[in-house]
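Engineer: Chains as they are written, first to last, in the numbering used here: chain A, 1 to 286; chain B, 287 to 389. Quick one: structure below, then a few questions.
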Amino acid sequence: MADLVFVTGLSHAPGLTGWLDQAPQHEQDSLTEGFNRLGELLRATKPDVIIGLANDHVLNMPMDDIHDFCVGTAAHWKGPSAWFKDWVNVEPYAVDGDAAVAQAVFDGLTRRGFDTTSKSELHFDDNWSVPLLYLTPDYDIPLVPIHMNCVVPPVPSPETCLNVGKAIAEIVRNDLPDGMRVAFMGTGGLSHDPGGPKYFDVDEEFDRWFLELMEEGDAGRVLRECTVEKMVAAGDGGTTELLAWIAAMGAVDGRRAHTVCYEPSVALRCGMGCVFWDMEKETADA
Amino acid sequence: MPVANTKRDLAANRMIFEVRRDPAKYESFAETYESVMEEYGLSAEERQAFRDLDLIRLGELGVHPYFLPQVTRLFHGGGYNHNKSKAAQIYGRSVVEGQGKTR
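Structure, rendered in structure tokens:
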């Protein structure tokens, strides 16, 4: 029985590493401080492996072979994918994977009926390159990446994603080695509209409402109110990446999220922020 | 041209998907895109929309919206892609201001 020791939801938009100097000073300070703090919190829980869930951005699953989820099974990963290097402005990095953990995740999701495939080669863009720079700047914690389709309809429903999070927590507890410490991160969001008319807009009202939902910890309310349609209305091109945060919420057994930082950053063309769930000190009733 | 308008089997979508993964293609795309469009069998309408760098038209034809800013980066580079960068400005003129054609 392994332990889920840390769960987080965080933005991955490339402006955070690619053109942060174009943001107002207070946004630069708030986001740099917040994302660095999130990294400190994660590393303090000493995870042996991080399982991640993020938008594939139609980079690895071609449109004629899209699945809801794609587990990366390689023992070693490299990023950023070459064409995205200048864009994310992250130096080339290597990070270990964990083939055994990946296989357990793939088997567990498949057994539960989720539409899941696997790949041993994946191009990484901002989905991992931006979070890893803040969370594990030494790239010394293995990553099991799960790419998801959240932008080519039909996308998995919020209920499916919440259940995927629950399943991952079960897989950690039931199928991974005794004593292994596991972190889970869902990356993407908050509101943004790459490819739409609201490219230069952020829906701050939606974002703050969504963060309150995470802090409230009521999964039933999330499923009732945070529909795909509601996310699409807040930014058609990318806001559904928050399905990865809903999966994270599914993994935490009713705990409430803590918001670390949030900025409605027009300069970064994205509502930027991060939350975490304290899995060790708090119980579901806290 | 919402995400829901995406045509999964559109030749332009397959071209953009693969070009970004292949340095031999993306490094020279701005100069060689006519031959790349030929290789992937784009329709006459798709080809004209690329020549016009008309992102609204590409969206109407079924190109995935997420690819549209990437098209501007294929032609104008993706580095330092802030709101006043050439790539973002062209996106803004075409889609946000609604001009469509940008050349």
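For glycine and all other residues, C-beta sits at the position ideal for the given N, C-alpha and C.
For B/Ser321, does the count of other Cβ atoms within 10 angstroms reach 16, so buried, or fall short, so exposed?
Structural biologist: The residue you call residue 321 of chain B lines up with position 35 of the second sequence. Exposed, because fewer than 16 other Cβ atoms sit within 10 Å of the Cβ of B/Ser321.
Engineer: Is A/Gln22 closer than 9 Å to B/Lys372 when the C-beta atoms are compared?
Structural biologist: Translated into the one-based positions of the second sequence, residue 372 of chain B becomes position 86. Translated into the one-based positions of the first sequence, residue 22 of chain A becomes position 22. The answer is no: Cβ separation not under 9 Å.
Engineer: Which runs of the alpha helix (DSSP H), 4 residues or longer, sit entirely within the segment 140 to 188 of chain A?
Structural biologist: Whole alpha helix (DSSP H) segments, 4+ residues: 158 to 175.
Engineer: Check whether the segment 199 to 208 of chain A touches the segment 170 to 180 of chain A, counting contact only when three or more Cβ pairs, one atom from each stretch, lie closer than 8 Å.
Structural biologist: Judged by Cβ distances under 8 Å, the segment 199 to 208 of chain A makes no contact with the segment 170 to 180 of chain A, as fewer than three pairs qualify.
Engineer: Counting pairs of beta carbons, one from the segment 259 to 277 of chain A and one from the segment 324 to 335 of chain B, are three or more of them closer than 8 Å?
Structural biologist: No: the two stretches stay apart, fewer than three of their Cβ pairs being nearer than 8 Å.
Engineer: Where does the unbroken alpha helix (DSSP H) through A/Phe276 begin, and where does it stop?
Structural biologist: Position 276 of the first sequence, counted from the start, is the residue given in the question as residue 276 of chain A. First-last for A/Phe276: Cys270 to Asp278, but that is the beta strand (DSSP E), not the alpha helix (DSSP H).
Engineer: Below 8 Å, is the gap between the Cβ of A/Asp278 and the nearest heavy atom of the ligand PLP?
Structural biologist: Among the ligands in the structure shown, none appear at all, so the ligand PLP cannot be discussed.
Engineer: Does chain A have any CB closer than 9 Å to the CB of B/Asp295?
Structural biologist: Locating residue 295 of chain B in the second sequence gives position 9, counting from the first residue. At least one chain A Cβ lies under 9 Å of B/Asp295.
Engineer: Which two residues bound the contiguous alpha helix (DSSP H) that contains A/Ser129?
Structural biologist: Residue mapping note: residue 129 of chain A aligns to position 129 of the first sequence, counting from 1. Looking at the DSSP string, the run of the alpha helix (DSSP H) that includes A/Ser129 is Asp126 to Leu135.
Engineer: Anything in chain B within Cβ reach of A/Ala267, meaning under 8 Å, just list it in chain order.
Structural biologist: Translated into positions along the first sequence, residue 267 of chain A becomes position 267. Simply His368 and Asn369.
Engineer: Does the distance from the CB of B/Tyr377 to the CB of B/Pro355 come in under 9 Å?
Structural biologist: Along the second sequence, one-based indexing puts residue 377 of chain B at 91. Along the second sequence, one-based indexing puts residue 355 of chain B at 69. Taking 9 Å as the Cβ cut-off, B/Tyr377 and B/Pro355 qualify as a contacting pair.
Engineer: Chain B beta carbons: is any one of them nearer than 9 Å to that of A/Tyr199?
Structural biologist: The residue you call residue 199 of chain A lines up with position 199 of the first sequence. Yes, A/Tyr199 lies at the interface with chain B (some Cβ there is under 9 Å from its Cβ).
Engineer: Based on Cα-Cα distance, which residue from A/Phe184, A/Glu121 and A/Gly108 lies nearest to A/Leu135?
Structural biologist: Position 135 of the first sequence, counted from the first residue, corresponds to residue 135 of chain A. Comparing Cα-Cα distances from A/Leu135 to each of A/Phe184, A/Glu121 and A/Gly108, the minimum goes to A/Phe184.
Engineer: Please look up how many angstroms separate the CB atoms of A/Gly195 and A/Gly165, rounded, as I've assumed it's under 8 Å.
Structural biologist: In the first sequence, the residue the question calls residue 195 of chain A occupies position 195. In the first sequence, the residue the question calls residue 165 of chain A occupies position 165. About 27 Å; that fails the 8 Å criterion.
Engineer: Could you tell me the distance, in whole angstroms, from the CA atom of B/Pro309 to the CA atom of B/Ile302?
Structural biologist: Within the second sequence, numbered from 1, the residue matching residue 309 of chain B stands at position 23. Within the second sequence, numbered from 1, the residue matching residue 302 of chain B stands at position 16. C-alpha separation (whole angstroms): 12 Å.
Engineer: Note down, in chain order, all residues in the segment 340 to 357 of chain B with a beta-carbon under 8 Å from any beta-carbon belonging to chain A.
Structural biologist: Listed in sequence order: Gly345, His350, Pro351, Tyr352, Phe353, Leu354 and Pro355.
Engineer: Can you give, in chain order, each stretch of the alpha helix (DSSP H) that sits fully within the segment 331 to 388 of chain B and has at least 4 residues?
Structural biologist: List check, alpha helix (DSSP H) in window: 341 to 347, 353 to 362 and 372 to 377.
Engineer: Please confirm if A/Ala82 has its CB atom under 9 Å from at least one CB of chain B.
Structural biologist: The residue you call residue 82 of chain A lines up with position 82 of the first sequence. Yes - at least one Cβ of chain B is within 9 Å of the one on A/Ala82.
Engineer: Given this structure, state the Cα-to-Cα distance separating B/Glu304 from A/Phe124, to the nearest angstrom.
Structural biologist: For this step, residue 304 of chain B is matched to residue 18 along the second sequence. For this step, residue 124 of chain A is matched to residue 124 along the first sequence. Each residue's Cα considered, the two are about 15 Å apart.
Engineer: Taking only beta-carbon positions, decide if B/Thr292 is within less than 9 Å of chain A.
Structural biologist: Your numbering for residue 292 of chain B matches position 6 in the second sequence. Closer than 9 Å: yes.
Engineer: Using a Cβ distance threshold of 8 Å, determine whether the segment 154 to 164 of chain A contacts the segment 207 to 214 of chain A, with at least three qualifying pairs required.
Structural biologist: With a cut-off of 8 Å, the segment 207 to 214 of chain A and the segment 154 to 164 of chain A do not count as touching, because too few Cβ pairs lie within range.
Engineer: Are there 16 or more other CB atoms within 10 angstroms of the CB of A/His76, so buried, or fewer, so exposed?
Structural biologist: To locate residue 76 of chain A, count along the first sequence from 1; it is residue 76. So A/His76 counts as exposed.
Engineer: Within the same chain, show all residues whose beta-carbon is closer than 7 Å to that of B/Thr292, passing over the 5 residues directly before and after it, in chain order.
Structural biologist: Here residue 292 of chain B is taken as the residue at index 6 of the second sequence, counted from 1. Cβ neighbours of B/Thr292 beyond the five flanking positions: Gly348 and His350.
Engineer: Along the chain, where does the beta strand (DSSP E) that runs through A/Ser11 open and close?
Structural biologist: On the first sequence, residue 11 of chain A is found 11 positions in, with the first residue counted as 1. A/Ser11 -> no beta strand (DSSP E), and no H or E assigned at all.
Engineer: DSSP three-state label for A/Asp48, please.
Structural biologist: In the first sequence, counting from the first residue as 1, residue 48 of chain A sits at position 48. A/Asp48: coil per DSSP, three-state reduction.
Engineer: Please go through the segment 54 to 132 of chain A and give each complete alpha helix (DSSP H) segment of 4 or more residues, from N-terminal end onward.
Structural biologist: Those alpha helix (DSSP H) runs which fall completely within the segment 54 to 132 of chain A and span 4+ residues are 85 to 88 and 99 to 111.
Engineer: Are the C-beta atoms of A/Met63 and some chain B residue less than 9 Å apart?
Structural biologist: Numbered from its first residue, the first sequence carries residue 63 of chain A at position 63. With 9 Å as the cut-off, A/Met63 counts as an interface residue toward chain B.
Engineer: Verify the CB distance criterion: does B/Ala316 have a CB-CB separation below 9 Å to chain A?
Structural biologist: On the second sequence, residue 316 of chain B is found 30 positions in, with the first residue counted as 1. Not one chain A Cβ lies under 9 Å of B/Ala316.
Engineer: Compare the C-beta of A/His123 against all C-beta atoms of chain B and say whether one is closer than 9 Å.
Structural biologist: Along the first sequence, one-based indexing puts residue 123 of chain A at 123. Yes, contact with chain B.
Engineer: Per the DSSP calculation, A/Cys261 is bridged to which residue(s)?
Structural biologist: Stepping through the first sequence from its first residue, residue 261 of chain A is reached at position 261. Per DSSP, A/Cys274.
Engineer: Would you call B/Glu359 buried or exposed, if buried means 16 or more other Cβ atoms sit within 10 Å of its Cβ?
Structural biologist: If you number the second sequence from 1, residue 359 of chain B lands on position 73. The sequence given here has Arg at residue 359 of chain B, not Glu. Under this definition B/Arg359 is a buried residue.
Engineer: Would you mind telling me which residues of chain A sit closer than 7 Å to B/Val322, beta carbon to beta carbon, in chain order?
Structural biologist: The residue you call residue 322 of chain B lines up with position 36 of the second sequence. By Cβ distance, chain A contributes nothing, its closest Cβ being about 14 Å from B/Val322, past 7 Å.
Engineer: Might you give, ordered along the chain, the residues of its own chain that have their beta carbon closer than 7 Å to the beta carbon of A/Thr259, omitting 5 neighbours on each side?
Structural biologist: Position 259 of the first sequence holds residue 259 of chain A. Closer than 7 Å at Cβ, skipping near neighbours: Leu211, Glu215, Gly273 and Val275.
Engineer: Closer than 9 Å, CB to CB, is B/Tyr335 near chain A or not?
Structural biologist: Within the second sequence, residue 335 of chain B is the residue found at index 49, counting from 1. The sequence shown places Ala at residue 335 of chain B, rather than the Tyr named in the question. It does not: the Cβ of B/Ala335 has no partner Cβ on chain A nearer than 9 Å.
Engineer: Got a sec? Which residues, its chain only, sit under 7 Å from A/Gly18 by beta carbon, not counting five neighbours each side?
Structural biologist: Here residue 18 of chain A refers to the residue found at position 18 when the first sequence is read from its first residue. Around A/Gly18: Trp87, Val88 and Asn89.
Engineer: Looking at the strands, I want to know which residues DSSP matches up with A/Leu38.
Structural biologist: Taking the first sequence and counting its residues from 1, the one referred to as residue 38 of chain A is at position 38. Looking at the DSSP assignment, A/Leu38 forms no beta bridge with any residue, so it has no partner.
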